[in-house]
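Visitor: Numbers 1 to 290, taken from UniProt numbering, label the letters of the sequence shown in order. Every residue gets a Cβ at the ideal spot worked out from N, C-alpha and C, and that includes glycine.
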Amino acid sequence: MATQQTRSLARFMMAPSVVLLFVWMIVPLVITLWFSFQQYNPLNPVRDGFVGFSNYALFYSNPAFLQSILNTLVLVGSVLLITVIGGILLALLIDQPMWGQGIVRILVISPFFVMPPVAALVWKNMIMHPQYGVFADIARFFGAQPIDWFGQHPMTAIIIIVAWQWLPFATLILLTALQSLDGEQKEAAEMDGAGFVSRFIYLTLPHMSRAITVVILIQTIFLLSVYAEILVTTNGGPGYASTNLPFLVYQKALLEFKIGQASAGGVIAVILANIVAFFAMRAVGKNLDK
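Structure (structure tokens):
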């Protein structure tokens with residue numbers, strides 16, 4: 001058990017990194033907060049000065065604002081649902097003894113190492129293209145009309161792309177948790193006559209609950225900032241159908257050069273992320289205390 005002296009020494013040794021991390025985070029946040037109360041255009045560097053909450057009011061009154069919030073939440077929730085359920089199923093499959101198990105695991109995990117813009121380009125031009133894509137060829141093979149994914153179902157297409165990227169991460173974490181399950185518990189359950197479904201519900205799934213909550217927490221943080229996939233595939237369209245909050249901030253900052261409104265949007269995004277993270281942390285904390 002750590003003594004008071006060792007705890008004090010640990011705090012002293014961690015202090016420089018904590019201070020550096022705090023400065024690294026707080027300085028951009030303060031600058032963003034300051035610009036959110038200013039009217040500033042980089043093409044015309046003459047600042048008009050303090051404008052109060054006007055930037056927040058203008059950003060909120062944007063027709064795309066509420067749609068971007070909804071798209072952000074739909075994207076996060078849908079990808080989490082797909083990756084958690086798919087990760088559990090893949091982890092159960094990969095955990096079974098099979099020939100070439102190591103190669104299968106590498107192939108399953110490999111999409112996570114593909115850069116988001118590259119993955120989006122591959123899906124856009126090789127898989128979901130309405131004329132030359134793999135999905136179009138499959139549809140024509142069965143006599144169906146190919147779907148224009150990015151024109152008719154843009155959010156569905158983006159959810160599929162992002163879920164494909166994050167599914168390996170969830171699978172890896174859940175597989176690690178699955179392999180830590182004591183084999184004697186499995187054997188005892190089998191001897192008691194428990195079938196596969198019963199063992200999964202009452203033994204495997206509770207054992208993986210901590211890993212599931214960690215996956216949900218980490219992915220939520222990153223999914224709230226999805227941007228590259230939307231830029232490469234739909235550019236936020238058609239209309240605002242696939243515009244999420246980070247992409248709306250990008251539009252205000254780099255397309256309209258309204259730095260004040262973009263900064264206000266960034267502050268709103270930080271508040272939204274903290275609200276989501278708060279509830280996620282509460283869920284994780286309750287699960288980790290069990």
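Which residue's Cα is closest to the Cα of Asn244: Pro63, Gly49 and Asn41?
Guide: On the sequence shown, residue 244 is found 244 positions in, with the first residue counted as 1. Minimum Cα distance to Asn244 is reached at Pro63.
Visitor: Could you check how far apart the C-beta atoms of Thr58 and Gln261 are, in whole angstroms? I think they sit under 8 angstroms.
Guide: Here residue 58 corresponds to residue number 58 of the sequence shown, with the count starting at 1. Here residue 261 corresponds to residue number 261 of the sequence shown, with the count starting at 1. Reading off the sequence, residue 58 comes out as Leu, not Thr. About 5 angstroms; that satisfies the 8 angstroms criterion.
Visitor: Per DSSP, what are the beta-bridge partners of residue 310 in this structure?
Guide: Summary: the structure shown does not reach residue 310, with the chain confined to residues 1 through 290, and so no result is reported for it.
Visitor: Cα separation between Ala91 and Arg210?
Guide: What you label residue 91 is simply residue 91 of the sequence shown in a count that begins at 1. What you label residue 210 is simply residue 210 of the sequence shown in a count that begins at 1. Distance between the alpha carbons of Ala91 and Arg210 is about 15 angstroms.
Visitor: Which residues in the same chain have their Cβ closer than 8 angstroms to the Cβ of Asn274, if we skip the five residues on either side of it in sequence?
Guide: Position 274 of the sequence shown holds residue 274. Excluding residues within five positions, none has a Cβ falling inside 8 angstroms.
Visitor: Helix, strand or coil for residue 320, going by three-state DSSP, please let me know.
Guide: What is shown of the chain runs 1 to 290, which leaves residue 320 out entirely.
Visitor: Relative to the C-alpha of Ile106, which candidate in Ile147, Ala264, Ile160 and Leu175 has its C-alpha closest?
Guide: Position 106 of the sequence shown, counted from the start, is the residue given in the question as residue 106. Nearest option by C-alpha distance: Leu175.
Visitor: Between Gly102 and chain B, is any beta-carbon pair separated by less than 8 angstroms?
Guide: The structure shown contains no chain B; it is built from a single protein chain.
Visitor: Counting only runs of 4+ residues fully inside the region 130-188, write out the alpha helix (DSSP H) ranges in chain order.
Guide: Correct list: 134-141, 149-152 and 154-179.
Visitor: For the pair the region 230-237 and the region 145-164, tell me if three or more CB-CB distances fall below 8 angstroms.
Guide: Output reads yes: the region 145-164 touches the region 230-237.
Visitor: Can you tell me the Cα-Cα spacing of Ala119 and Trp164, whole angstroms?
Guide: Looking up residue 119 in the sequence shown gives position 119. Looking up residue 164 in the sequence shown gives position 164. Between the alpha carbons of Ala119 and Trp164 lies a distance of about 9 angstroms.
Visitor: On a Cα-Cα basis, can you pick out the residue from Ile259, Phe279, Pro28 and Phe22 that is closest to Ser54?
Guide: Residue numbering aside, residue 54 sits at position 54 when the sequence shown is read from its first letter. Cα-wise, what sits closest to Ser54 is Ile259.
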